[in-house]
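Reading through the structure tokens given below for one structure.
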Amino acid sequence: MAKKKESKDRLGTGLAAIFGDDVISVIDEIQSSARADEYGRRATLKLSEIRSNPYQPRKAFDQEKLNELAQSIIENGVFTPILVREATGGYELIAGERRVKASLLAGKEDIPAIIMDFNDGQMMEISLLENIQREDLNILEEASGYQKLIDTLGYTQEQLASKIGKSREHVSNTLRLLRLPKDVQKLVEENKLSMGHVRCLVTLDPKTISEIANKAVREGLSVRQVEALAAAKKPVKTVKTKAKDPYIVDMQNSLQRKFGSKVKITRNSINIFYQDADELNRLLELMDIID
9 MAKKKESKDR
19 LGTGLAAIFG
29 DDVISVIDEI
39 QSSARADEYG
49 RRATLKLSEI
59 RSNPYQPRKA
69 FDQEKLNELA
79 QSIIENGVFT
89 PILVREATGG
99 YELIAGERRV
109 KASLLAGKED
119 IPAIIMDFND
129 GQMMEISLLE
139 NIQREDLNIL
149 EEASGYQKLI
159 DTLGYTQEQL
169 ASKIGKSREH
179 VSNTLRLLRL
189 PKDVQKLVEE
199 NKLSMGHVRC
209 LVTLDPKTIS
219 EIANKAVREG
229 LSVRQVEALA
239 AAKKPVKTVK
249 TKAKDPYIVD
259 MQNSLQRKFG
269 SKVKITRNSI
279 NIFYQDADEL
289 NRLLELMDII
299 D
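Sequential numbering of the sequence shown, starting at 9, is according to the numbering used here.
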């Protein structure tokens, strides 16, 4: 009973509060059964009862690798249990979607699992952390995952960077990719353009971004060449000069003739410029300040 209460108490906390800073290592230990009983309950579940993780940031799965895993499961079974949580009418995946998909391909009906007590925030956090730290996500899936954690859990970019072991600059640059037009995002997802190619485009208008991106793919342009094209498209800032009041200009010229030095009249001030101490003394004498 005490263990069940402790599990319930965890629901309002983040993963680091439950597992410590090295979240992924603990999750690995749970799935390897070394600490399964400490954090969850072992079970063998029907694959038909398991639904995908609604917070899974990964959208694309390599079919060839899935086929290889399916063949391994046919020959050896599933060694590493998946992680799930109870849901209405079955279970929701926390971690192990590749194992589920490959098991279905292998014609299996059930799979070993560990049932965890995770809330929505913890589900989202572990899905992103696991995928990022295993480098399973493409850069746009990563960006989308970052944005969900920021929107849902209220992380700042700095907090998120610390949690996933990346620099704040990396998080910021990755999030900026979500501003790209959909056709350009697709080119990045298909690895036709790198993050370096598109990073310099995000400040341009959508039409220009698409034009440069497609040109880069067609002509095989380097990152530097794309940066040069982007720089050429950025509007040149023009400094507007306000027309000077003719009366002010006339007074300025009169004072310059009187003092024999440069004079500038600005709003609420008159500035008289001098080169050295001798010129300063001359000006002070003209103004009867010194003899």
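Yeah, the Cβ is synthetic: ideal placement off N, Cα and C, and Gly gets one too.
State the Cα-Cα distance for the pair E133 and L157, rounded to the nearest angstrom. 7 Å
Just list the beta strand (DSSP E) runs in the segment 258-295, keeping only unbroken ones of 3 residues or longer that don't cross its boundaries, in chain order. 271-274, 277-280
Per the contact definition of three or more C-beta pairs closer than 8 Å, is the segment 108-127 in contact with the segment 78-95? yes
Between R176 and S170, what straight-line distance do the alpha-carbon atoms span, to the nearest angstrom? 8 Å
Would you call L186 buried or exposed, if buried means 16 or more other Cβ atoms sit within 10 Å of its Cβ? exposed
Curious, which full-length beta strand (DSSP E) runs of at least 3 residues does the segment 55-113 contain? 90-95, 98-103
Which class does D253 belong to by DSSP, given the choice of helix, strand or coil? coil
Would a C-beta distance cut-off of 9 Å place A121 and Y154 closer than the cut-off? no
Quick check on the DSSP output: the beta strand (DSSP E) that includes D191 runs from which residue to which? From DSSP, D191 is part of no beta strand (DSSP E) but of the alpha helix (DSSP H) over 190-197.
To the nearest angstrom, report how far apart P214 and V206 are at their CA atoms. 12 Å
Excluding sequence positions up to five away, which residues of its chain have a Cβ less than 8 Å from the Cβ of I220? L209, L212, V234, L237, A238, K241
Given a threshold of 16 other Cβ atoms within 10 Å of its Cβ, counted over all protein chains shown, does A10 qualify as buried or as exposed? Its pLDDT being 39, under 50, A10 is placed unreliably by the model, and nothing is read from it.
Here's the rule I'm using: 16 or more other beta-carbon atoms within 10 Å means buried, otherwise exposed. How should V257 be labelled? exposed
Would I298 be called buried (16 or more neighbouring beta carbons within 10 Å of its own) or exposed? Per the 10 Å Cβ criterion, exposed.
Can you give the Cα-Cα distance for N289 and P254, rounded to whole angstroms? 31 Å
Backbone CA spacing between P89 and L55 [nearest angstrom]: 12 Å
If you draw a straight line from the alpha carbon of M131 to that of A224, how long is it in whole angstroms? 38 Å
Secondary structure at G204, three-state DSSP: helix, strand or coil? helix
Spatial neighbours of D29 within its chain, please: CB distance less than 8 Å, with the 5 preceding and 5 following residues excluded, ordered by chain position. Only weak support exists for where D29 lies, its pLDDT of 47 falling under 50; the value from the coordinates is given anyway. Within the same chain, D29 has no close Cβ partners at all.
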